[in-house]
Every structure is written in C-alpha cells, then in structure tokens.
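In this note's numbering, the protein residues as written are 289 to 761.
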C-alpha cells in the first residue's frame, strides 16, 4: 500500500488527505496545533454558548465546491444555511448596495445600474458550475470550456477601478468594490477585478452560505470522512526539519511557501527555494468578535437581514484605504467586514445576545490596536452600536500568525494576490503544486485557486500525487 504524510491540517491539507485516502493511500496528517481545521474553526467566545467563527465564515466558493460535493459531506453533518440577503454595502446617506443571491433581484435594487449588473454577472452566474472546472484549477492549462472561460476571463484582467466604472451609481460601484477588495489589493492594480467577479458569480449561483453550527462543522465533516477512509490525524506535532518527516511515498505541505523552504532546506532545488523565500505577503486582518445585545442597530434596513456587511463608505474612500494599507499605513477609517452568521444560523446566539464577527484590513504585521477603529466604523453606519456591546474578543495580526502559522503578519490570504502569485502561485511554473522534489507537493492556499474552505488546492495537488504513484506502479 502506498503511504502519504500531509503536513498541516487546514481545509486544504484535509482535502488532500481525503483525496489520497479515497484512492487507497494510507494517509497520516500531522498538525502543529492541538486541533485541525486551520481557518475553518469555531468556538464559544465571550460568553458561554455564543458561537464565533475563528476566521473563515462565509462560504460562496465552498458551498458549490467540486471537492466538497464529490464526497457528500452532508452524510457527516455538514448543513448549509443562507441569510435573506448575502451582502450589504451601506453609505452615509442611509442608502446601500444590496447583493442578493438572485441576479435579477440584485439588479432590480440597483436602479440605473441594474442592466449593467445583469450583463456583467448574469452569464457567469448561470454557468458558474461549468466555469468552476477551470477557475478552481491552475489557470495556465488547456481549459475544459475555453470559449466560456475567455468570455468570463477577459474582464478579470482589468483593475477593479476600471471595472467599477461600469456602474454609474454610487451604490453599484461601492457594492462591487467591497467584494473586489476581498483580494486585499489596491483596486487600481491590474487583475483586481478577478476575485470580486469570481465571488459575485459564485454567490449568485450558490449564495453566501454559512455552515450550520459554525465553520468548524466543515472541518468536523472532513475529519469524520477521513477517519472512515482509514486516514489518521496526529495533532500537536510540529515539523521544522526534513529529518522529522516520516518516510512516505508522498508528502504534502499545507503550509506557507517559506515554511516549506525552511523544512526542506537544501533538499529543495535552489530556484524553488529562492522563489519560496521571496514569496510576497499581503496585508493583514485585525479581527474583533463582539457579543451584542439585540444585534447591530444599522441605519439601513437591509443590513439587518444581511449575512455580510461591508463598511467603507463610497468606492473612492474604499480604494483610498486599500492603497494606504498596501503602503504600510493604517487608515483612520479602515475597510471593515462584518459577519452576522447568526441570522442564517440562530443557534449561534444566546437569547437576545448575538455573535458579531468582524475584521479590518490593516498593514501586514500591524502592531497597533484597531479595535476602536472597527467600533467607530460600525457606529458610523449603526449609531448606538457601542452601547449594545456586552463583550468583545480581539485577534491581532500577531495573534493571527500564532493561531495559524500560514497567516504571517495577519495575512489570512496566505500571500499577496498580485498578478504573478494569483496566476502561478508561489513560483512561475505550469505546475504550481510541485516543488521540484519527486513525490513532494505544496497544497496550501498559496497555490491556485487560493483561499477558502473549498479544499480545491489540496484536491488539485492530490491528483498530481496520485498520477505520480500511478507512474511508479
């Protein structure tokens, strides 16, 4: 029987392990933390019974994941839940851009921009399941659906600022800009439309779902499946050097590229080691969870029904804040993302006390305290919020990196998503999961298609590993 070791038990490490075990490979996952899951973990915080997601929380790219769908994780307790409204981007005048799962409903709410929104997203949303066969894999390969991918892909090379000019209303521009800013990149840079377009198209197809019982439920289902397939998990096992790796036919690394280079040292080809050590990090996330009595008192009525609320003001203000954090400056009013997962999954609340998840975009390695800036941004669009807070919990950029070693400097994207790294991954190659050592692969969110609880980085890397084993047989 072939054997494999997976170093790192985040969603991608678990996906790689499951994909290998499903083909009869004897798999062991080694996780440095005391529990697996990476960013897809949840726990009670602030008060007993109040359930908070640690990092990954809203899952438009995971709910339709080819990997998750293939293995039917509902058999292991995974249930998706949807809010009434996916996302709201409020403005200071009380209006907002409102994103529904339905393209038509979203377009109807955008007035003069409705037809433009429909033209931009109707086609990719209707064909997203087919498109995902290409965009959820390395981009530099012959696509399954070349014409469809070309039609979708042409606008993605544009800067977010250029794509936003398609919309004439401040609500339409802000709504698109807030989603595009999930890339943690200045929006005037080329290809910053790509992540926004992908998330919006996926959301219009599958919705911005949450996992019932918290994102931990995704991890729990994957762990249960892996166990049924005969895989093993060892927690509290930190691998720092190659000598600590058990002998195996396949070794997969769900780690940041610099960590892989540190472990393997001179066993890596020099060109690969050089690329991994020069891998660029993105800005950081400063996270604050709140316990809020009665929920957030939003001025905009639609925000009361939205699973996600983006706080940045107008598109111009948002673009300015993203430029600042990229330059290493902390904005006075940072872009703040607010999650109200309890609206779709009420069991997360305790009576009338609700868990409110939030984080701000900050410079990588930011050492200050962004808590007050986050509260002020929420208060700006929800006067009286401060008085409803009965407790809060902070995870700074330093604490993010301690929580998950892949989040260097608070970089929850596992690397800057610039043109080169978004296209190729950690190094310029047509095979982003290979590392130049036979039988060894990188499968973290540093590789295509990037961050999320979809598991596709691990699943894609595992297919290469299985092909390697087949050639050896």
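Glycine included, every Cβ here is placed at the ideal spot set by N, Cα and C.
Distance from the CA of residue 303 to the CA of residue 735, rounded to the nearest whole angstrom, comes to 14 Å.
Assignment of beta strand (DSSP E) within the region 623-649, counting only whole runs of 3 or more residues, yields 624-627 in chain order. Comparing alpha carbon positions, the residue from 668, 699, 659, 487 closest to residue 680 is 659. In this chain, the alpha helix (DSSP H) harbouring residue 467 covers 458-468.
Beta-bridge partners assigned by DSSP to residue 729: 540, 722. Annotation note: the region 652-728 contains the following uninterrupted beta strand (DSSP E) runs of length 3 or greater, listed N- to C-terminal: 677-683. The beta carbon of residue 546 sits closer than 8 Å to those of 564, 565, 567, 696, all from its chain and outside the five residues before and after it, given in chain order. Less than 9 Å separates the beta-carbon of residue 317 from that of residue 520. Closest in C-alpha terms to residue 517, from the list 311, 557, 620, 440, comes 311.
For residue 394, the enclosing alpha helix (DSSP H) begins and ends at 391-397. Put simply, the region 577-596 touches the region 628-635. At least three CB pairs are less than 8 Å apart. The DSSP-derived three-state label of residue 369 is strand. In the structure shown, residue 447 adopts coil according to DSSP, grouped into three states.
The beta-carbon distance between residue 652 and residue 720, rounded to whole angstroms, is 22 Å. This is too long to meet the 8 Å contact definition. Judged by DSSP in its simplified three-state form, residue 521 adopts strand.
Distance from residue 346 to residue 737 at the Cβ level is roughly 17 Å; contact not present, criterion being Cβ atoms closer than 8 Å.
Annotated three-state conformation of residue 378 is strand, per DSSP. Residue 296 is positioned such that its CB atom lies closer than 9 Å to that of residue 732. Put simply, the backbone Cα of residue 754 is about 12 Å away from that of residue 306. When 370, 440, 505 are compared, the shortest CA-CA separation from residue 491 is found for 370. The beta carbons of residue 378 and residue 586 sit closer together than 9 Å. DSSP, read as helix, strand or coil, puts residue 598 in strand. The C-alpha of residue 393 is placed about 14 Å away from the C-alpha of residue 488. Taken through DSSP and simplified to helix, strand or coil, residue 548 comes out as helix. Bridge partners of residue 756 according to DSSP: none are assigned. Secondary structure note for residue 319: its beta strand (DSSP E) is the uninterrupted segment 314-319. The beta-carbon distance between residue 708 and residue 716, rounded to whole angstroms, is 7 Å. This is short enough to meet the 8 Å contact definition.
Cα atoms of residue 624 and residue 426: separation of roughly 30 Å, rounded to the nearest angstrom. Separation of the CB atoms of residue 376 and residue 537 is rounded to 50 Å, and the pair is thereby denied contact status at 8 Å. Beta-bridge annotation (DSSP): residue 574 is paired with 648.
DSSP places residue 511 outside any beta strand (DSSP E); the residue lies instead in the alpha helix (DSSP H), whose first and last residues are 504-516. Contact between residue 420 and residue 354 holds, since their C-beta atoms are separated by about 7 Å, short of 8 Å. Rounded to whole angstroms, the separation of the alpha carbons of residue 555 and residue 461 is 49 Å. As a beta-bridge residue in DSSP terms, residue 332 pairs with 339. Contact between the region 699-706 and the region 456-475 is present, with at least three C-beta pairs closer than 8 Å. Around the beta carbon of residue 308, 16 or more other beta carbons lie within 10 angstroms, which makes this residue buried.
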